[in-house]
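Asks:
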Amino acid sequence: MPESNAVLIGNKPVMNYVLACITLFHGGAKEVNVKARGRSISTAVDVVEVVRRRFLPDLKIKSVGIGTQQMAPREEGGSPSNVSTIEISLER
Numbered sequence: 768m769p770e771s772n773a774v775l776i777g778n779k780p781v782m783n784y785v786l787a788c789i790t791l792f793h794g795g796a797k798e799v800n801v802k803a804r805g806r807s808i809s810t811a812v813d814v815v816e817v818v819r820r821r822f823l824p825d826l827k828i829k830s831v832g833i834g835t836q837q838m839a840p841r842e843e844g845g846s847p848s849n850v851s852t853i854e855i856s857l858e859r
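Per my numbering, residue 768 is the first one in the sequence shown, and the count goes up by one each step.
1) Answer with buried or exposed for ARG859, where buried requires no fewer than 16 other C-beta atoms within 10 angstroms of its C-beta.
2) For the region 816-823 and the region 839-854, state whether three or more C-beta atom pairs, one from each stretch, are separated by less than 8 Å.
3) Give me the Cα-Cα distance between GLU854 and GLY845, rounded to the nearest whole angstrom.
4) Using CA atoms only, rank isn't needed, just tell me which of SER771, HIS793 and GLY832 is closest to VAL808.
5) Would LEU791 pass as a contact of ASN778 if the rule is Cβ separation under 7 Å?
6) Let's test the definition: count the other Cβ atoms within 10 Å of the Cβ of ARG806 and tell me whether it reaches 16, buried, or not, exposed.
7) Leaving out the 5 sequence neighbours to the left and right, which residues in its chain are closer than 8 Å to VAL781 when beta-carbon positions are compared?
Right under this line is the structure:
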């Protein structure tokens, strides 16, 4: 069974996600994916920068992927909306 080393960014404070990333790396993970969409993208970038600059300076950004997801309409008869996504892969 493959491990899922993904941190999904939401509405919590930045340091909660930083702690999640550090915990995964100290638990033996070689790679962690930070994923976010919509307004949480800026929080994801902040999380990666705090982890890299303050706690794990030997960390490298392996890749950054951006994309768009089409969401279902909120109300009947409405048009679908597009939401931006980002996935940042960190490796030790």
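Positions of the beta carbon are idealized from the N, C-alpha and C atoms, including for glycine. The structure presented is a predicted model; accordingly, all values stated were derived computationally and were not measured.
Replies: Let's see:
1) exposed
2) no
3) 29 Å
4) Note that residue 808 is Ile in the sequence shown, not Val. The shortest Cα separation from ILE808 among SER771, HIS793 and GLY832 belongs to GLY832.
5) no
6) exposed
7) THR810, ASP813, VAL814 and VAL817
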